[in-house]
Amino acid sequence: MRTHKNWITRAETGADVPAIREITLAAFEKPYEADLVDALRGDGSWIDGLSVVSVDDDGEVVGHALLTRCHIDDTPALCLAPVSVRPECQRTGAGSAAIRAALKAAADLGEHYVVVLGHPAYYPRFGFTRASTYGIGLTVEVPDEAMMAMTLDESHPLPSGTVHYPAPFGI
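Sequential numbering of the sequence shown, starting at -1, is according to our numbering.
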């Protein structure tokens, strides 16, 4: 497989929807995340251009990262989830490329804040830090180190408050 330096990223198109579902089903043990992506597509939290895919030289979709609207109290923010990569392409940089492209697309749209509930050893490489440091939390119990946040614009410091995910997340 190709290295992270060579992945091509772009916003998803309608033609990518079946491949994204297939990748997400393959990347996770249960269909929850694939069903979540489908539910978010029909939810008011969807933002065009913030569902990003990594493709190979043949144009085959191998990775996907999704940012959707959430809120930190009343402040608009984005949540990163899910991120999925074809199992045979994992650990090649395809997921990282999609995440970086999604974060850049969000910044280009004037978005300021992103949260993620994920692996604490993986997401800091993109600029995420422990959300509780900023007084950001959830309404459900999660490991403190797994809830992370970042600002896309240093002139807009992270607000404190409770993260309100889109309804399809169920939290």
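Heads up, the beta-carbon is just placed ideally off N, CA and C, and yes, glycines get one too.
Between the alpha carbons of A13 and S52 lies a gap of roughly 14 Å. Here DSSP, grouped into helix, strand and coil, assigns L65 to strand. For Y30, the enclosing alpha helix (DSSP H) covers residues Y30 to R39. Membership of S49 in the beta strand (DSSP E) is indicated by the continuous run S49 to V53. Rounded to the nearest angstrom, the Cβ distance from V50 to A75 is 18 Å, too far for a contact under 8 Å.
Boundaries of the beta strand (DSSP E) around R8: I6 to A9. Under DSSP, the beta-bridge partners assigned to Y111 are T149. Per the coordinates, the alpha-carbon of L115 lies some 17 Å from the alpha-carbon of T22. Proximity to A165 across H69, A99 and G135 peaks at H69, based on C-alpha coordinates.
Under DSSP, I134 shares a beta bridge with G159.
Partner residues in the beta bridge of T73, as assigned by DSSP, are I70.
Counting only the Cα atoms, N4 lies some 31 Å from A37.
The segment 100 to 113 and the segment 76 to 90 touch, with no fewer than 3 CB-CB distances between them shorter than 8 Å.
Partner residues in the beta bridge of L78, as assigned by DSSP, are L65.
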